[in-house]
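One structure is given here, and the rest of the page talks about it.
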Amino acid sequence: MITVKSLPEHIKEVARRHQKNDRRFHVFPSIFDIDEKKFYLIMYEPTKHQIVISLDGSVMSREKIKIPFLYALAYNASIENISNIGGAWVKNIPIPRYEKLINILNRLQSIISNKASPPILDKIEILKNMSNVLLEEQKNINSCVIKGLELTMKTNDLELVTIEDYKQMRMYVHSMVQSAFKQNEIQLKTEQARAEVFNYVMVNIFSYGFKLLPILFHLYFYKKNMKTSETYGSNELDEIKKTISEDVNVEEDLEALSIVKQLRNPF
Numbered sequence: 002m003i004t005v006k007s008l009p010e011h012i013k014e015v016a017r018r019h020q021k022n023d024r025r026f027h028v029f030p031s032i033f034d035i036d037e038k039k040f041y042l043i044m045y046e047p048t049k050h051q052i053v054i055s056l057d058g059s060v061m062s063r064e065k066i067k068i069p070f071l072y073a074l075a076y077n078a079s080i081e082n083i084s085n086i087g088g089a090w091v092k093n094i095p096i097p098r099y100e101k102l103i104n105i106l107n108r109l110q111s112i113i114s115n116k117a118s119p120p121i122l123d124k125i126e127i128l129k130n131m132s133n134v135l136l137e138e139q140k141n142i143n144s145c146v147i148k149g150l151e152l153t154m155k156t157n158d159l160e161l162v163t164i165e166d167y168k169q170m171r172m173y174v175h176s177m178v179q180s181a182f183k184q185n186e187i188q189l190k191t192e193q194a195r196a197e198v199f200n201y202v203m204v205n206i207f208s209y210g211f212k213l214l215p216i217l218f219h220l221y222f223y224k225k226n227m228k229t230s231e232t233y234g235s236n237e238l239d240e241i242k243k244t245i246s247e248d249v250n251v252e253e254d255l256e257a258l259s260i261v262k263q264l265r266n267p268f
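With positions in the sequence shown counted from 1, the corresponding number in our numbering is that position plus 1.
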């Protein structure tokens with residue numbers, strides 16, 4: 002893993018020479034080998050400006066380094082998405098939560114199967130299917146995060162990132178986001194079914210002795226923590242669906258292109 006301390010002296014000298022009013026600078030922990038160009042990526046703090054330095058200490062023009070830099074930038078952003086966003090999804094939505102929901106619905110179904118109307122029993126089947134989708138997509142999210150972090154550690158250990166590493170990391174991020182989208186989508190689609198099942202349990206809480214009481218408490222937890230049309234608008238879902246389907250090429254990413262203008266490499 003490359004650090005400022007471990008940088009070759011001639012690279013540190015170039016980085017210092019381009020330092021302005023910055024307090025310090027950092028280096029990406031690996032060399033990038035992209036488009037037949039090998040380089041260090043230096044970031045200055047607190048300005049967030051960056052500079053690309055070749056292994057021999059030369060500083061190429063922005064035009065020559067633009068495409069490799071964009072891929073380096075996208076790889077770094079993918080790591081942040083995996084570790085920060087994906088990491089939060091893994092931590093905040095543990096797999097056992099969905100496994101428990103499946104068990105609760107199975108228990109509810111067995112209790113009311115002889116007395117409940119067919120429409121209610123159908124709604125429970127819908128919710129069981131929803132729970133299985135949530136579980137499988139959460140497993141995929143966890144898998145993508147683990148694989149993304151493993152790839153990060155591998156490139157850190159090798160001190161080298163290639164275009165293939167970028168493509169692999171991007172695939173993990175894309176798959177992770179797709180799974181999160183599917184989770185949100187099915188929660189919105191089953192909003193009415195969830196409400197009907199919850200209301201049935203609440204209204205009939207004493208019709209089955211006290212058997213439905215613990216189930217009501219559990220369902221209330223999921224009721225509070227699942228997406229509804231009020232907490233997650235359809236426009237927002239459509240926007241995410243559009244983003245996923247487009248999967249903008251890094252060379253056309255307007256936000257990334259604007260960062261190129263902040264490079265301290267010469268024009």
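Glycine included, every Cβ here is placed at the ideal spot set by N, Cα and C.
DSSP places residue 46 within a strand segment (E or B) once states are collapsed to three. Taking C-beta separations shorter than 7 Å and ignoring five residues to either side along the sequence, the partners of residue 141 in its chain run 176, 180, following chain order. Relative to the Cα of residue 136, the nearest Cα in the group 57, 205, 99, 148 belongs to 99. Per the coordinates, the alpha-carbon of residue 23 lies some 9 Å from the alpha-carbon of residue 50. In this structure, the beta-carbon distance from residue 60 to residue 266 falls below 7 Å.
Counting only residues of its own chain and dropping the five nearest sequence neighbours on each side, residue 224 has a CB closer than 6 Å to the CB of 199.
One alpha carbon belongs to residue 9, the other to residue 18, and they sit about 14 Å apart. Between residue 113 and residue 95, the alpha-carbon positions lie close to 28 Å from each other.
Residue 190 and residue 106 have their C-alpha atoms spaced approximately 18 Å apart.
Under the DSSP assignment, residue 180 falls in the alpha helix (DSSP H) whose first and last residues are 164–190.
Residues of the same chain with a CB within less than 7 Å of the CB of residue 58, apart from the 5 flanking positions on each side, are 11, 12, 15 in chain order. Within the DSSP secondary-structure output, residue 51 pairs in a beta bridge with 44, 264.
Per the C-alpha coordinates, the member of 195, 210, 149, 123 positioned closest to residue 222 is 195. Our two residues, residue 111 and residue 122, have alpha carbons roughly 10 Å apart in a direct line.
Distance between residue 36 and residue 71, taken at the CA atoms: about 11 Å.
The beta-bridge partner set that DSSP reports for residue 221 is empty. By the Cβ-count criterion, residue 149 is buried, with 16 or more other Cβ atoms from all chains shown falling within 10 Å of its own Cβ. Rounded to whole angstroms, the gap between the alpha carbons of residue 268 and residue 53 is 13 Å. C-alpha of residue 178 to C-alpha of residue 193: approximately 25 Å in a straight line.
The DSSP-derived three-state label of residue 35 is strand. In this structure residue 220 is in contact with residue 202, their Cβ atoms being roughly 6 Å apart against a cut-off of 8 Å. Taking 7 Å as the cut-off, the beta carbon of residue 174 is found closer than this to the beta carbon of residue 79.
Spanning the alpha carbons of residue 120 and residue 229 requires a straight line of approximately 21 Å. The criterion of a C-beta distance shorter than 7 Å is not satisfied by residue 76 and residue 209. For residue 27, the enclosing beta strand (DSSP E) covers residues 25–28. Around the CB of residue 263, fewer than 16 other CB atoms lie within 10 Å, so the residue is classed as exposed.
Going by C-alpha positions, residue 38 is about 8 Å away from residue 66. Of the other Cβ atoms in all chains shown, fewer than 16 fall within 10 Å of the Cβ of residue 160; this residue is therefore exposed.
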